[in-house]
Amino acid sequence: MFNSIDKTQGSLKQRYLDRLSNVIDNALTEYPRTMAVRVDFHLPECRDIGDSIAHEAYLHTGVMKRFIESLDARINAHLERKRRNDIRVRPCNLRYAWVREFCEDGKPHYHVVLFVNKDAFMSLGSYEENGTGLASLIQNAWLSALRISDFNEYRTLVHFPENPRYFLNINASNFRQVYDELSFRLSYFAKERTKSYSREIRSFGCSQH
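In our numbering, the protein residues as written are 2 to 210.
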């Protein structure tokens, strides 16, 4: 349960807070040393503006499901490549939570938190196009989910906010401090405003185990 929440956000959905707490606890149960990563996803305009490349991103329902599946596959492939090169690797079962919100102009975007084994990924690596670390895996997975993988200029649709990483170590003296800092930041996900609820499109999703 979260002991630290951002009360400036107004009304918060307790069900979202409880599920976020469960995801963190499940991650720490499997990996006592866990890295949490905050990232935001945006959608392309998908319209021809003169000299731009005309394309049609796949924006139908299920984009977050496609992203998670793509990232999970890319993480496994990344670790397998290291294994084939005789590099010792640690297992990494991906966990996540996300919320779908709307800007003032009515355009949706996603706030996401990802949880990985810190012994498998200790950093995000380069944000550049040719990067091989976790950040690049995340960027490429989002483009894959939108089905615009051939348009690297759209990597900016993935935004890593300031201080995106949290290192949770249940045996560290600062564990409770880091946990509370993360829970305070993630309580933003549970705010009622800026969300739109419907049966067709989910506003919240998270890993179950």
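Note that CB positions come from ideal geometry on N, CA and C, so glycine has one too.
Practice item. Please list the segments of the alpha helix (DSSP H) lying wholly inside the segment 159-209, counting only runs of 4 or more residues, in order along the chain. Key: Listed in chain order, the complete alpha helix (DSSP H) runs (minimum 4 residues) inside the segment 159-209 are 176-187.
**Study point:** Option in PRO165, THR157, VAL117 and LEU147 with minimal Cα separation from GLU129
**Key:** Position 128 of the sequence shown, counted from the first residue, corresponds to residue 129. Relative to the Cα of GLU129, the nearest Cα in the group PRO165, THR157, VAL117 and LEU147 belongs to THR157.
Exercise for review: Sort out for me which residues DSSP pairs LEU13 with in a bridge.
Suggested key: Against the sequence shown, residue 13 aligns to sequence position 12. Under DSSP, the beta-bridge partners assigned to LEU13 are LYS192.
Practice item. Decide if SER71 is buried, meaning its Cβ has at least 16 other Cβ atoms within 10 Å, or exposed. Key: The residue labelled residue 71 in the question sits at position 70 within the sequence shown. Result: buried.
Review point. Touching or not, the segment 133-141 and the segment 6-17, by the rule of three or more beta carbon pairs under 8 Å?
Key: Remark: fewer than three beta-carbon pairs, one from each stretch, lie closer than 8 Å, so the segment 133-141 and the segment 6-17 are not flagged as touching.
Check your understanding: How long is the line joining the alpha carbons of LYS83 and VAL90, rounded to whole angstroms?
Key -> On the sequence shown, position 82 is the one that residue 83 refers to. On the sequence shown, position 89 is the one that residue 90 refers to. Between LYS83 and VAL90, the alpha-carbon positions lie close to 7 Å from each other.
Review point. Helix, strand or coil: which one does DSSP assign to LEU72?
Key: By 1-based counting over the sequence shown, the position of residue 72 is 71. Helix at LEU72.
Exercise for review: Indicate whether VAL147 and ALA121 have their beta-carbon atoms separated by less than 8 Å.
Suggested key: As a working mapping, residue 147 is identified with position 146 in the sequence shown. As a working mapping, residue 121 is identified with position 120 in the sequence shown. A quick correction: the sequence has Leu, not Val, at residue 147. Cβ distance not < 8 Å, so LEU147 and ALA121 don't count as in contact.
Point to revise | Backbone secondary structure at ILE6 - three-state DSSP | key: Taking the sequence shown and counting its residues from 1, one reaches residue 6 at position 5. Residue state for ILE6 is assigned as coil, using DSSP reduced to three classes.
**Study point:** At least 3 beta-carbon pairs within less than 8 Å: the segment 98-116 vs the segment 20-39
**Key:** Short answer: they touch.
Practice item. Reducing DSSP to helix, strand and coil, say where GLU102 ends up. Key: For the purposes of this step, residue 102 is identified with residue 101 of the sequence shown, where counting begins at 1. Here GLU102 sits in strand by DSSP.
Check your understanding: Quick check: the segment 151-167 against the segment 12-22, are there 3 or more CB pairs under 8 Å?
Key -> Under the three-pair Cβ rule at 8 Å, the segment 151-167 does not count as touching the segment 12-22.
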